[in-house]
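Q:
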Amino acid sequence: MRRNFFCTRSVLFILVAVLLVLAALPLMGLPGYRLRLLSLVFMWVALSGCWNLMSGYTGYIDFGPVAYFGVGSYCTSLLMIKGGFPFFLSILLSGSVCALLALAIGTPTLKLRGAYFAIATFAAAEAMKQIILEWDHMVGFEFFGGAHGLTLPLPPSNEFFYYTLLFFMGLVLGLTALLERSKFGYGLRAIHEAEPAAELAGVPTLTLKVRAYILSSSLIGCIGGVEAYWLTYIIPDDVFNVLRTIQMVVMTLLGGMGTLLGPVIGATFLTLISEFLGAKFIYNYLIFLGIIVVAIIILMPRGIMGAVQRNKGWPP
Amino acid sequence: MAPLSILQCRRLTKRFGALVAVRELSLSLGEGEILGLIGPNGSGKTTFFNVVMGVYPPEEGEIFLRNESLIGKQPHEICHLGIAKTSQIVQPFLGMSVFENVLVAALYGADLSLAQARDEVEEVLDLMGLFSWRDAPAGKLTVSGRRRLELAKALATGAEILLLDETMAGLNPRELEEGLELLRKIRDRGATLILVEHIMRAVMGISDRVIVLNYGVKIAEGTPQEVTENPEVVEAYLGKRHAGNRPN
Amino acid sequence: MLLFLQSFINGLLLGGIYAACSAGFSLAFGVMGVVNLSHGDFVMLGAFITYWLFVLLGMDPFLTLPFTLLALFFLGLLLQRLVINRVIGAPPIMSYLLTFGLHLVLSNLALRAWTADYRTVTPSYSGLNLNLFGLVLPYSRLATFALAMALILGLYLFLYRTESGRAIQATAQDREMARLMGVNIFKVYTLTFALAAAITGLAGSLISNTFVIYPQMGLPFTITAFCVVVLGGMGYIPGTLWGGLILGMVESLATTYLTAGISLALTFFLLLVMLIFRPAGIAGKGIME
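Chains as they are written, first to last, in our numbering: chain B, 1007 to 1322; chain R, 28 to 275; chain A, 12 to 300.
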């Protein structure tokens, strides 16, 4: 039987090697700015990797992942501030809350065709933001802090977040690598390719879709919690900002949906670009992103990795 | 001795708005038999298959697989219970290789582990003559190749009842013979088949029994010989004028 | 009691607007299978055209309608030819991603050109109200409602009484059959999208005297349009009427009795409830597959 070079074991091996190299970098003396930049790249690779887990493999476009980012941020913040919980436990709990939320939102919406899921998730994210903004005012009880947001206790060093985000990046990429050649992965891809045919072949489509959504969303929630602690100050407009969704989508789309390296390429590229463009004229950046999306759909729908893989060719 | 009846439909009715696609269809499928299902276009054959597979819920009637009711079950559940269907308009998983296409069916339909599934897929591909194409992207197959892939997937689910919707369409005589041989082999492996075909020679040559539908209603049932001599059948296909002749 | 009635009437007036704003979305989806995520931006553009004509030329908002109609019609035509056409027939995910990209471009170009400032259109008569049994009914709102109803009626008549309209419907129901009957599918799609853009832009003009105008206003309208269309049934034009009215009333009542800021949250819950219990719309006539 032909051995595929990119079999799971060798991929995981390469991944671990790269992670170890990255882990060693701070120990070799990395300036603060580069440390932060790398941490940011790790975060975005992780976030788009999560988005890819769901949308890239099933083909059901999630337009509301930022909902979970925000929920995770708030959960972690509240647990740490009001509950005095330690950081990692808060992250874990936040992820669980997001999982439950994803179950609630995913189950009714994933039963229907993709358009419904796409817009329902779009609406969910906006709705979540509004709820957090208005809750205190509506209920008359200081909890979420409304538009003022929440302030967290002082965090440890930048190195702490470097390693935490490196961990999450590794986790997401590792899960993706495992998924790619697993039964679960084949099921998701079958759903993407031809859902009715997949059903007839015995694939429990709804169950798998919901599972992927829960996985993706809970991890996004965890990362949201990490960022909250990193920034020490969260406001709804920031943690529920649709720009995060846009970036996750475009990064994965550019790199190639449904591939392991797609999010890595897309996220690294766009994070570096946005850093250099600066936050000054955000709308230029967004116009740029919009044009990228339109161009990719028309010219290169499978993204960079897709274009690369297409040329693998057959017959050998 | 009559074969054990494994699939039973009683007064099955499926409506799409005002259109009655299948009207009070009752049939019984015996274990190990090849049942031909024929009828003019639009007579409800494909709809019948879709109802059995749970794609559409019927308005009235019952379907039993051995003693288990299929009404209200999802297609993937019905697949697990042992029925698989090929579609008239084949839908391969285009972005995946031929091997991976069949692998999905073996993993999920037959509920095998990855290792077991891989073995099963190789066996099925061999049987279907697709082994040399195993790494090809499914999109590169010819029409007849895609049909064989569709059949391979249905086989790989491990289903005991196969509903085959026009798998022989568009084949030349040699391919047709090979196809029929294949079906016989599949039956000998232990499957029970319901065949929907327009190519009379194919259906009549291989079926143990034939059921004829017209406008969703069963108008004849019997051996191929009995059915071709039935004037109502001839009329359905060729119109009243030809009711005295036999179709070939 | 009076408060309730006022809220209810406000809701109806709002609902009419929502219906008019959503009809284009339903049309594009029903006929072309395109989920247009830049839909709300057509509302925004329509509103801005009216604004600039009002501010720069002193034109009465209601007189700007023909300009908006034409401008958006051509924009829709252009977009369809250049861009949308390429994803018809492709897997639906391409159309959401593509129109999502369009949304980014349109809304941010507007932001760049016109800044994020909020604007309003306040013609001389904007403060005049009809006072009826203690209810306050601004004339401009009443006129807007009437025009919104006229728009929907006009669309309905076009689709059901003209030949082009019936060609559009035929294409929506069965593309292959329509093609066989001699319908030029490409022309139908172009007309449909241009029409959808035009009536949406028109609706945008209509709302200019009711809503605050700003470049990012498109997104909430896209979400609203989707909710309206889910309520009424995707692809079923008459359904957008009651879908809009229901949503308008729910929002109005919520604003009165709860708080103004959660309109989107409410829309989302309504949407979720509909998707769970009646995804084919209240009348069950939506396109599901």
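Ideal Cβ placement from N, Cα and C applies to all residues, glycine included.
On a predicted model such as this, the values are computed, not experimentally measured, just so you know.
Use the C-beta contact count for R:Ile98: other C-beta atoms within 10 angstroms, 16 or more gives buried, fewer gives exposed.
A: What you label residue 98 of chain R is simply residue 71 of the second sequence in a count that begins at 1. Counting Cβ neighbours within 10 Å, R:Ile98 comes out exposed, since fewer than 16 surround it.
Q: Which parts of the segment 131–209 of chain A are runs of the beta strand (DSSP E), unbroken and 3 residues or longer, counting only runs that do not cross its ends?
A: Listed in chain order, they are 140–143 and 146–149.
Q: Within its chain, find whatever has a CB closer than 7 Å to the CB of B:His1143; leave out the 5 residues flanking it on each side and keep chain order.
A: For the purposes of this step, residue 1143 of chain B is taken as the residue at position 137 of the first sequence. These residues qualify, in order along the chain: Gly1152.
Q: Would you please state the rounded distance, in angstroms, between the beta carbons of R:Leu210 and R:Ile238? I believe it to be under 8 Å.
A: The residue given as residue 210 of chain R occupies position 183 in the second sequence. The residue given as residue 238 of chain R occupies position 211 in the second sequence. The pair is not a contact, with the Cβ atoms about 17 Å apart (cut-off 8 Å).
Q: Give a yes or no on whether the C-beta atoms belonging to R:Asp192 and R:Ser114 are separated by under 8 Å.
A: As a working mapping, residue 192 of chain R is identified with position 165 in the second sequence. As a working mapping, residue 114 of chain R is identified with position 87 in the second sequence. Their beta carbons are under 8 Å apart, which means R:Asp192 touches R:Ser114 by this criterion.
Q: If you reduce the DSSP assignment to three classes, tell me which class B:Phe1091 lands in.
A: On the first sequence, position 85 is the one that residue 1091 of chain B refers to. If DSSP states are grouped into helix, strand and coil, B:Phe1091 belongs with coil.
Q: What is the DSSP secondary structure of R:Lys167, reduced to helix, strand or coil?
A: Numbered from 1 along the second sequence, position 140 holds the residue referred to as residue 167 of chain R. Helix at R:Lys167.
Q: Can you list the residues of chain B that R:Thr169 reaches, using a CB-CB cut of under 7 Å?
A: Working through the second sequence from its first residue, we reach residue 169 of chain R at position 142. Those do not exist, as R:Thr169 stays about 14 Å from chain B at its closest Cβ, beyond 7 Å.
Q: For the segment 130–142 of chain R against the segment 80–92 of chain R, do three or more pairs of beta-carbon atoms, one drawn from each stretch, fall closer than 8 Å, so that the two count as touching?
A: Segments in contact, no.
Q: Alpha carbon to alpha carbon, how far is B:Glu1199 from B:Thr1211?
A: Sequence index remark: in the first sequence, residue 1199 of chain B carries index 193 (1-based). Sequence index remark: in the first sequence, residue 1211 of chain B carries index 205 (1-based). Rounded to whole angstroms, B:Glu1199 to B:Thr1211 spans 12 Å at the Cα level.
Q: Is the distance from the Cβ of A:Asn50 to the Cβ of A:Phe36 below 8 Å?
A: Here residue 50 of chain A corresponds to residue number 39 of the third sequence, with the count starting at 1. Here residue 36 of chain A corresponds to residue number 25 of the third sequence, with the count starting at 1. Going by the sequence as given, residue 50 of chain A is His instead of Asn. It is a contact, given that the beta carbons lie within the stated cut-off.
Q: Indicate whether at least one CB of chain B lies closer than 8 Å to the CB of A:Tyr225.
A: For this step, residue 225 of chain A is matched to residue 214 along the third sequence. Output row for A:Tyr225: interface = no.
Q: Please name the residue, chosen from A:Pro231, A:Val240 and A:Ser18, that lies closest to B:Phe1128 on a Cα-to-Cα basis.
A: Here the question's residue 1128 of chain B lines up with position 122 in the first sequence. The shortest C-alpha separation from B:Phe1128 is found at A:Pro231.
Q: Does R:Tyr83 have its Cβ less than 8 Å from a Cβ in chain B?
A: The count along the second sequence starts at 1 and reaches residue 83 of chain R at position 56. It does not: the Cβ of R:Tyr83 has no partner Cβ on chain B nearer than 8 Å.
Q: For A:Met160, which residues from the same chain have a beta carbon less than 7 Å from its beta carbon, with the 5 sequence-adjacent residues on both sides left out?
A: The sequence position of residue 160 of chain A within the third sequence is 149, counting from 1. Gly27, listed in sequence order.
Q: Along the beta strand (DSSP E) that carries R:Gln35, what are the first and last residues, could you check?
A: As a position in the second sequence, residue 35 of chain R is number 8, starting the count at 1. Here the beta strand (DSSP E) through R:Gln35 covers Ser32 to Phe43.
Q: Can you tell me which of the three DSSP states A:Leu113 falls into?
A: Against the third sequence, residue 113 of chain A aligns to sequence position 102. Residue state, collapsed to three classes: helix.
Q: When you compare the CB positions of B:Asn1164 and B:Arg1042, do they come within less than 8 Å of one another, or not?
A: As a first step, residue 1164 of chain B is located in the first sequence; it is residue number 158 there, counting from the start. As a first step, residue 1042 of chain B is located in the first sequence; it is residue number 36 there, counting from the start. Contact: yes.
Q: One question on the structure: do B:Ala1234 and A:Phe279 come within less than 8 Å of each other, judged by their Cβ atoms?
A: Locating residue 1234 of chain B in the first sequence gives position 228, where the first residue counts as 1. Locating residue 279 of chain A in the third sequence gives position 268, where the first residue counts as 1. Cβ atoms of B:Ala1234 and A:Phe279: not closer than 8 Å.
Q: Is the beta carbon of A:Ser33 closer than 8 Å to that of A:Val132?
A: Counted from its first residue, the third sequence places residue 132 of chain A at position 121. Counted from its first residue, the third sequence places residue 33 of chain A at position 22. Contact flag unset, no.
Q: Once DSSP output is grouped into helix, strand and coil, what is the label at B:Phe1019?
A: Counted from its first residue, the first sequence places residue 1019 of chain B at position 13. Residue state, collapsed to three classes: helix.
Q: Under 7 Å between beta-carbons, which chain B residues line up against R:Glu208? List them in chain order, please.
A: By one-based count along the second sequence, residue 208 of chain R stands at place 181. By Cβ distance, chain B contributes nothing, its closest Cβ being about 25 Å from R:Glu208, past 7 Å.
Q: In three-state DSSP terms, what is B:Gly1262?
A: The residue given as residue 1262 of chain B occupies position 256 in the first sequence. Reduced to three states, the DSSP call for B:Gly1262 is coil.
Q: Could you give the uninterrupted runs of the alpha helix (DSSP H) lying entirely in the segment 1195–1268 of chain B, keeping only those of 4 residues or more?
A: Here the runs fully enclosed are 1211–1237, 1242–1245 and 1248–1261.
Q: Do the CB positions of A:Met245 and A:Gly112 come within less than 8 Å of each other?
A: As a first step, residue 245 of chain A must be located in the third sequence, where it is residue number 234. As a first step, residue 112 of chain A must be located in the third sequence, where it is residue number 101. Contact flag unset, no.
Q: Which full runs of the alpha helix (DSSP H) of 4+ residues lie inside the segment 229–254 of chain R, going along the chain?
A: The segment 229–254 of chain R contains no whole alpha helix (DSSP H) run of 4 or more residues.
Q: Examine chain B for any beta-carbon lying closer than 8 Å to the beta-carbon of R:Phe120, and answer yes or no.
A: Locating residue 120 of chain R in the second sequence gives position 93, counting from the first residue. Yes, R:Phe120 counts as interfacial toward chain B.
Q: Does any residue of chain A have a CB that is nearer than 8 Å to the CB of B:Cys1108?
A: Taking the first sequence and counting its residues from 1, the one referred to as residue 1108 of chain B is at position 102. Here residue 1108 of chain B is Ala; the residue named in the question, Cys, does not match the sequence. No - not a single Cβ of chain A is within 8 Å of the one on B:Ala1108.
Q: On the DSSP bridge list, what partners appear for R:Ser96?
A: Indexing the second sequence from 1 puts residue 96 of chain R at position 69. Beta-bridge pairing links R:Ser96 to R:Phe91.
Q: Are the C-beta of A:Tyr171 and some C-beta of chain B separated by less than 8 Å?
A: Your numbering for residue 171 of chain A matches position 160 in the third sequence. With 8 Å as the cut-off, A:Tyr171 does not count as an interface residue toward chain B.
Q: Under 7 Å between beta-carbons, which chain A residues line up against B:His1143? List them in chain order, please.
A: Taking the first residue of the first sequence as position 1, residue 1143 of chain B is located at position 137. Here the neighbours are Thr270.
Q: Under a Cβ-count criterion, where at least 16 other Cβ atoms within 10 Å of its own Cβ denotes burial, should A:Gly138 be classed as buried or exposed?
A: Locating residue 138 of chain A in the third sequence gives position 127, counting from the first residue. Under this definition A:Gly138 is an exposed residue.
Q: Report the rounded CA-to-CA distance for B:Ala1124 versus A:Gly255, giving the unit in angstroms.
A: Working through the first sequence from its first residue, we reach residue 1124 of chain B at position 118. Working through the third sequence from its first residue, we reach residue 255 of chain A at position 244. Going from the Cα of B:Ala1124 to the Cα of A:Gly255 covers about 21 Å.
Q: B:Gly1296 touches chain A at which residues, Cβ-Cβ below 9 Å?
A: Here residue 1296 of chain B corresponds to residue number 290 of the first sequence, with the count starting at 1. Within 9 Å Cβ-Cβ: Phe111, Gly112, Leu113, His114, Leu115, Val116, Leu117, Ser118, Asn119 and Leu120.
Q: How long is the line joining the alpha carbons of A:Leu76 and A:Leu206, rounded to whole angstroms?
A: Sequence index remark: in the third sequence, residue 76 of chain A carries index 65 (1-based). Sequence index remark: in the third sequence, residue 206 of chain A carries index 195 (1-based). C-alpha separation (whole angstroms): 14 Å.
Q: Can you name the residues of chain A whose CB is closer than 9 Å to the CB of B:Tyr1074?
A: By 1-based counting over the first sequence, the position of residue 1074 of chain B is 68. The premise fails here: B:Tyr1074 is roughly 15 Å from chain A at the closest Cβ pair, so nothing lies under 9 Å.
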